[in-house]
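Student: Chains X and V, in that order, are what the protein sequence lines are. All the letters of the first sequence, read from the start, carry residue numbers 17 to 216 under the numbering used here. All the letters of the second sequence, read from the start, carry residue numbers 17 to 216 under the numbering used here. Okay, here's the structure, questions in a sec.
2 protein chains.
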Amino acid sequence: MTDASLETRILDAVERCVNQWGFTKVTIDDVVAESGVSRATLYRVFPGGRDVVFEALRVRRLDNFFSVLTAQVEGAVDLLDVVVRAVVAATLELRADDQLAAMLASEPGETLGQLTVEGFPRIVRMANVTLTPYVTRFVPAPTAQRLIDVLSRLTISYFLAPSADVDFGHTEQARGFLRPVVRVLTEPSAEPPLSPVSSH
Amino acid sequence: MTDASLETRILDAVERCVNQWGFTKVTIDDVVAESGVSRATLYRVFPGGRDVVFEALRVRRLDNFFSVLTAQVEGAVDLLDVVVRAVVAATLELRADDQLAAMLASEPGETLGQLTVEGFPRIVRMANVTLTPYVTRFVPAPTAQRLIDVLSRLTISYFLAPSADVDFGHTEQARGFLRPVVRVLTEPSAEPPLSPVSSH
DNA sequence: GACAATGAGACGGTTTCTGTCTTATCGTCT
DNA sequence: AGACGATAAGACAGAAACCGTCTCATTGTC
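Structure follows, in structure tokens:
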């Protein structure tokens, strides 16, 4: 499969370019020069050009992000453990990822928008798909989905705007914070969202 | 002097931009946005635009480089001490300066040319002007000039192309290497360059 | 209120970048 | 050897970005 190798070469080159210059400053010609692949080949592998290439890189990085996450969640023994491991691992990975950090820092307009407006739903969706199997070992599917949805939003929010009250990169703190959250969200009496509540 | 403050603001902004994106990727509009100074004001402070701004930054960085150097050389007790201190300090400063490193690494064609073709003579000249007073405390002016000239070239060369034999960032190694060099260059019998020699 | 300094941004000319296309080269298969 | 698919090299036009200049509005100071 020569195409796979080409795709990898190109995306690796894009990654190096982004590391060096930041997202907004990388041109297709930079990638061509860095990858050693010809312009024509690049457009054959990624028809659509610039946007498609960067989109492919985002997808690859997101895949990688969640494969690390699932590896961390593998050995969890109970629901809270799954949740804490996932949240902490995600937080630490986001923090350690200087490339993502650069994406966030370099161009507030463009790149932050990438994460919030476009990337946010995708991350939540992906978290749902990827982590649901691990959560449904302990709670039914609807509860799992609601749990993952809320927690992925919380994780991203606390990464983007860290709080002085709790550090999601710190396992004990995260556990203390998440314990009641998980408890509430898994209570059988939990009302469906967007519906009027009878009690009170 | 509002102009001085403006100049500083702009150059600081350029420095941040260069740190973030590398020399070749910084535009005037980036600097304008980063500095918060208007385009018109920038061109009033630096008539000539882009080239002049970057030139001013280079000058400022060179000034700063040598002010650090002279501070190091202040307390030297003999000629070899002056030389070793200067060479070691210059080498370490060059190595620690990630911005210069980025200039060297980012664009071999453009930036390395900046140092060798254009920057090199300037550094040598500046070294001469700045360090001569400290060297003439121990040897006559013509000898001092020759010494500084040779040693600044050696320093830059060993920085750009490190040798396995000697590390100019290491005081003892530098001293061992430089001792005979200094001795030879300060020998009264040293023949003037480019002239035929009578002996032998 | 006059005036100098600065910000905001429009504008034309130039350069750079993009995406497509053509041609040449290379390796492989028959 | 010759045919063929894949890739490199690069020309090209249209679009976008950038540069440097200019005008005008705003601000702060006397």
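Heads up, the beta-carbon is just placed ideally off N, CA and C, and yes, glycines get one too.
Determine the closest residue to F81 (chain V) out of V:D67, V:D94, V:V69, V:V103, with distance taken between C-alpha atoms.
Tutor: V:V103
Student: Does the distance from the C-beta atom of D165 (chain X) to that of N144 (chain X) stay below 8 Å?
Tutor: yes
Student: I want to know whether the region 57-66 of chain V touches the region 75-91 of chain V - three or more CB-CB distances under 8 Å.
Tutor: Not touching, per the Cβ criterion.
Student: Strictly under 8 Å for the Cβ-Cβ distance: is G52 (chain V) near chain X by that measure?
Tutor: no
Student: Against chain V, does Q161 (chain X) count as a neighbour if the rule is that its beta carbon must be under 8 Å from one of theirs?
Tutor: no
Student: Using a Cβ cut-off of 8 Å (strictly closer), state whether Q189 (chain X) contacts chain V.
Tutor: no
Student: Starting from F70 (chain V), trace the alpha helix (DSSP H) both ways and give me its first and last residue.
Tutor: 66-89
Student: Against G38 (chain V), what residues of chain X qualify as contacts under a CB-to-CB distance less than 7 Å, listed in chain order?
Tutor: Q36, W37
Student: Which residue comes first and which comes last in the alpha helix (DSSP H) that contains F175 (chain X)?
Tutor: 157-176
Student: Near R55 (chain V), which residues of its chain fall below 6 Å by C-beta distance, leaving aside the five closest residues on each side in sequence?
Tutor: V48
Student: Are the CB atoms of R111 (chain X) and G185 (chain X) nearer to each other than 8 Å?
Tutor: Less than 8 Å divides the Cβ of R111 (chain X) from the Cβ of G185 (chain X).
Student: I'd like to check one pair, V100 (chain X) with T187 (chain X): are the Cβ atoms closer than 8 Å?
Tutor: Going by C-beta atoms, T187 (chain X) is nearer than 8 Å to V100 (chain X).
Student: Hey, could you find the ends of the alpha helix (DSSP H) V47 (chain V) is sitting in?
Tutor: 44-51
Student: When the Cα atoms are used, what is the spatial distance from S192 (chain V) to V140 (chain V)?
Tutor: Residue identity differs from the one stated: residue 192 (chain V) is Gly in this sequence, not Ser. Between G192 (chain V) and V140 (chain V), the C-alpha separation is close to 23 Å.
Student: Does the beta-carbon of V198 (chain V) have 16 or more other beta-carbons within 10 angstroms, so that it is buried, or is it exposed?
Tutor: buried
Student: Counting only the same chain and skipping the five closest in sequence on each side, list residues whose C-beta sits under 7 Å from that of A106 (chain V).
Tutor: The answer, listed in chain order, is L85, T171.
Student: Assuming R25 (chain V) contacts V53 (chain V) (C-beta within less than 8 Å), just tell me the rounded distance between them.
Tutor: 6 Å
Student: Would you tell me roughly how many angstroms separate the C-alpha atoms of E71 (chain X) and S21 (chain X), rounded to the nearest one?
Tutor: 18 Å
Student: Take Y174 (chain V) and list the residues in its own chain whose beta-carbon comes closer than 8 Å to its own, dropping the five residues that flank it on each side.
Tutor: Answer for Y174 (chain V): T107, V182, F184, listed in chain order.
Student: Confirm, please, whether the CB-CB distance from D67 (chain V) to F154 (chain V) is below 8 Å.
Tutor: no
Student: P63 (chain V) to E23 (chain V), Cα distance in whole Å?
Tutor: 12 Å
Student: Taking 6 Å as the limit between beta carbons, can you name the residues of its chain near Y150 (chain V), skipping five residues before and five after?
Tutor: So the qualifying residues of the chain are V89, V98.
Student: Give me, in chain order, the residues of the same chain whose beta-carbon lies closer than 8 Å to that of V69 (chain X); leave out the 5 immediate sequence neighbours on both sides.
Tutor: I26, L27, V30, I44, V47, L58, F62
Student: By Cβ distance, which residues of its chain are closer than 6 Å to Q189 (chain V), with the 5 residues on each side in sequence left out?
Tutor: V182, D183
Student: In whole angstroms, what is the alpha-carbon distance linking P158 (chain V) and C33 (chain V)?
Tutor: 42 Å
Student: What is the DSSP secondary structure of E23 (chain X), reduced to helix, strand or coil?
Tutor: helix
Student: What is the DSSP secondary structure of P63 (chain X), reduced to helix, strand or coil?
Tutor: coil
Student: In chain order, what residues of the same chain have a beta carbon less than 8 Å from the beta carbon of R138 (chain V), not counting five sequence neighbours either side?
Tutor: L78
Student: Taking Cβ to Cβ, would you say L163 (chain V) is nearer than 8 Å to L194 (chain V)?
Tutor: no
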